[in-house]
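**Q** Okay, handing you the structure first.
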Amino acid sequence: MTATAPPAPPDWSRDLAPGERLLWTGRPAPGRRYGRNDLGMTLIGVMVALFAFLWIAFAATFLRDPAMAPAQAPLLGLVMVFCAIVAVLSLFLASWLLWRGWLTRERDFERSFYALTDRRALLRLTGPAPRFSRPKLTSWPILPESILEMTGDPRHGTASLHLAMLVTVDSDGDTSYTRTGFERLTDAEQVLQLVLDIQAEATLAKAKLARSQPDTDPG
4 MTATAPPAPP DWSRDLAPGE RLLWTGRPAP GRRYGRNDLG MTLIGVMVAL FAFLWIAFAA
64 TFLRDPAMAP AQAPLLGLVM VFCAIVAVLS LFLASWLLWR GWLTRERDFE RSFYALTDRR
124 ALLRLTGPAP RFSRPKLTSW PILPESILEM TGDPRHGTAS LHLAMLVTVD SDGDTSYTRT
184 GFERLTDAEQ VLQLVLDIQA EATLAKAKLA RSQPDTDPG
């Protein structure tokens, strides 16, 4: 069996603005990860399915009872059919949640490439995009007030560097906030220092600009 060749790195020069400098490029470390959210969603579906299977066993027990009145047997049969349908749908839902959340995200990781410039953090997905995939190019400006958080310990594997807050609104209008950025970095500390340097330069430039502005206070 031939292993699938990894995707080729993108040409970042076409994504840079005039005067923008490329400081670092990378990609997520290989390997699959089953997250806490994926486990929770799967357990919900399995618990609902187990609840339905209990009702099936309950109905089957009464159907096998010789003392059960024949008039009530059809009703219990309908209950058993209903519970069987609920169980199958629950298992299907659990499988779909697993595919939708974990497998789609893992495919995105395999196609992801990162870049850091003196202005922005860039994420590009290569190859054809799956149905539920993210946009092919995402960028986050690096500002003095930008969110910056590193999770994990790069000394013991990989770490993620969160640079922005992803805001999503579902069909019910509920808003959720998720930290996003560079995931599974093997050189997260190096990237973190680069981002801190960019923020420091931006803060210095902002202070110089404020000092150069004329004082319009009449007092």
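My numbering numbers the first residue of the sequence shown as 4 and each following residue consecutively.
All C-beta atoms in this analysis are idealised placements derived from N, C-alpha and C, irrespective of residue type, glycine included.
The structure displayed is predicted, hence computed values, not measured ones.
#1: Suppose the cutoff is 7 Å on Cβ atoms and the five residues either side in sequence are ignored; what does the same chain contact list for residue 134 look like?
#2: Can we say the region 154-163 touches the region 119-130, given the rule of at least three CB pairs closer than 8 Å?
#3: Residues bridged to residue 165 by DSSP?
#4: Only counting the same chain, and skipping five residues up and downstream in sequence, which positions put a Cβ closer than 7 Å to that of residue 114?
#5: Secondary structure at residue 134, three-state DSSP: helix, strand or coil?
#6: Report buried or exposed for residue 185, applying the criterion of at least 16 other Cβ atoms within 10 angstroms of its Cβ.
#7: By Cβ distance, which residues of its chain are closer than 8 Å to residue 166, with the 5 residues on each side in sequence left out?
#8: List the residues that DSSP assigns as beta-bridge partners of residue 213.
#9: Which same chain residues, not among the five before or five after residue 169, have their C-beta less than 6 Å away from its C-beta?
#10: For the beta strand (DSSP E) holding residue 123, just list the boundary residues, first then last.
#11: Going by DSSP, which residues form a beta bridge with residue 142?
#12: Which of the three DSSP states is assigned to residue 120 in this structure?
#13: Tell me, please, which residues DSSP counts as bridged to residue 29.
#14: Using 7 Å as the threshold, is the C-beta distance between residue 15 and residue 119 below it?
#15: Quick one: what does DSSP say residue 64 is sitting in, helix, strand or coil?
#16: How should residue 208 be labelled, buried or exposed, when 16 other C-beta atoms within 10 angstroms of its C-beta is the threshold for buried?
#17: According to the neighbour-count rule (16 or more other Cβ atoms, all chains shown, within 10 Å of its Cβ), is residue 176 buried or exposed?
#18: Work out the CA separation of residue 53 and residue 162 for me, nearest whole Å.
#19: Give me the Cβ distance between residue 47 and residue 87, rounded to the nearest whole Å; I'm assuming they're in contact under 8 Å.
#20: Quick one: what does DSSP say residue 189 is sitting in, helix, strand or coil?
#21: Name the one or two DSSP bridge partners that residue 170 has.
**A** The structure says:
#1: Model confidence at residue 134 stands at a pLDDT of 46, short of 50, so the residue's coordinates are unreliable; what they give is reported in the following sentence. No residues qualify anywhere along the chain.
#2: no
#3: 152 and 184
#4: 10, 128, 129 and 130
#5: Confidence at residue 134 is low in this model, with a pLDDT of 46, below 50, so its placement is unreliable and no value can be given for it.
#6: buried
#7: 124, 143, 145, 149, 150, 151, 183, 184, 185 and 198
#8: Answer is none; residue 213 lacks a bridge partner.
#9: 181 and 183
#10: 123-128
#11: 125
#12: strand
#13: 117
#14: no
#15: helix
#16: exposed
#17: exposed
#18: 37 Å
#19: With 8 Å as the limit, residue 47 and residue 87 do not qualify as a contact, their Cβ atoms being about 19 Å apart.
#20: coil
#21: 180
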